[in-house]
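As structure tokens, the structure follows; a few thoughts come after it.
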Amino acid sequence: MNRLQIIKNEIISENLTGTVEEITEYFNNKPLIDNPITEPPQVPANVTLSQIFGAAIQNDPTGAFSAIQKYTSLLEMTNRAINNRDTEAIQAHLLIFGSELNQAAQTAINTLLSQTQADPNWTEQILGQSKAEELNIYPVKENEVFKVVKGLYNE
């Protein structure tokens, strides 16, 4: 069965009326449905470079200042990695910084980086499947609906 026949069958079986735009919207509209994931998943907490250095300075001021002076050029790359949530790059950079820090500072930083939070992008509702997706004809175009409707009036 071709696309136009599927569209025609749906228009007839659902007794669809309205403008071409409204019927096209019927096919393509993705309704909001309840998210099947009922609780937001835990994701790594947002950590800033300031927090990391704050933990380092609080636990090993001498080592932290030594690391900052020694690895100044790495700071910008580390900040970019943090902003991009590139955990592999962050860990690699912190291994380098960590070589200047005592165990207490390293532990404080690792504790900070292991914190999680509820996923801020999670929502209670998500977009469901459109009628066109259910019928495997997504997206339906207005010209297709027009051809079908025109054909129905000419029958």
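With our numbering, the residue at position 19 of the sequence shown is 19, and numbering never jumps. We put the beta carbon where it would ideally sit given N, CA and C, even for glycine.
Name the two residues that bound the continuous alpha helix (DSSP H) containing residue i.
i	result
alanine 104	103 to 114
leucine 135	Segment: none, leucine 135 is in no alpha helix (DSSP H) and carries neither H nor E.
proline 44	Where proline 44 is concerned, there is no enclosing alpha helix (DSSP H), although the beta strand (DSSP E) it sits in stretches over 42 to 44.
isoleucine 57	49 to 59
isoleucine 7	3 to 13
glutamine 125	Careful: glutamine 125 lies outside any alpha helix (DSSP H), inside the beta strand (DSSP E) at 125 to 127.
leucine 95	87 to 98
leucine 16	Segment: none, leucine 16 is in no alpha helix (DSSP H) and carries neither H nor E.
isoleucine 82	72 to 83
lysine 150	142 to 154
Apply the 10 Å Cβ neighbour rule to residue i and answer buried if 16 or more other Cβ atoms are within range, or exposed otherwise.
i	result
isoleucine 23	buried
leucine 152	exposed
leucine 95	exposed
glutamate 10	buried
Cα separation between residue i and residue j?
i	j	result
lysine 30	lysine 150	26 Å
lysine 131	glutamine 117	36 Å
glutamine 69	asparagine 59	17 Å
asparagine 35	glutamate 133	18 Å
glutamine 91	isoleucine 57	18 Å
asparagine 26	glutamate 88	Checking the sequence shown, residue 26 turns out to be tyrosine, not asparagine. Whole-angstrom Cα-Cα distance: 45 Å.
isoleucine 12	valine 148	10 Å
For residue i, which residues of its own chain have a beta-carbon under 7 Å away from its beta-carbon, when the five flanking residues on both sides are left out?
i	result
isoleucine 6	Leu135 and Ile137
serine 79	Checking the displayed sequence, the identity of residue 79 turns out to be asparagine instead of serine. If we look at asparagine 79 and ignore the five residues flanking it on each side, its Cβ neighbours are Leu49.
leucine 74	His93 and Ile96
glutamate 144	Arg3, Leu4 and Ile7
proline 139	Asn28 and Ala132
Could you pull out every residue in the same chain whose Cβ sits closer than 8 Å to the Cβ of residue i, ignoring the five residues on either side in sequence?
i	result
isoleucine 33	Gln125, Ile126, Leu127 and Gly128
isoleucine 37	Trp122
glutamate 51	It is glutamine, not glutamate, that sits at residue 51 in the sequence shown. Closer than 8 Å at Cβ, skipping near neighbours: Leu112.
Within a Cβ cutoff of 6 Å, which residues of the same chain sit near residue i, ignoring the five residues on either side of it in sequence?
i	result
glycine 54	none
alanine 67	Phe97 and Glu100
Note the first and the last residue of the continuous beta strand (DSSP E) segment covering residue i.
i	result
isoleucine 33	32 to 34
Using a Cβ cut-off of 8 Å (strictly closer), state whether residue i contacts chain D.
i	result
lysine 141	Among the chains in the structure shown there is no chain D, since it carries only a single protein chain.
- Are the stretch 75 to 85 and the stretch 125 to 134 touching by the rule of at least three beta carbon pairs closer than 8 Å? These segments do not touch.
- Is it a yes or a no for the stretch 93 to 105 touching the stretch 55 to 64, going by three-plus beta-carbon pairs under 8 Å? Because the criterion of three Cβ pairs below 8 Å is met, the stretch 93 to 105 and the stretch 55 to 64 touch.
- Query: Is it a yes or a no for the stretch 109 to 116 touching the stretch 37 to 55, going by three-plus beta-carbon pairs under 8 Å?
  - Reply: Flag = yes, the stretch 109 to 116 and the stretch 37 to 55 touch.
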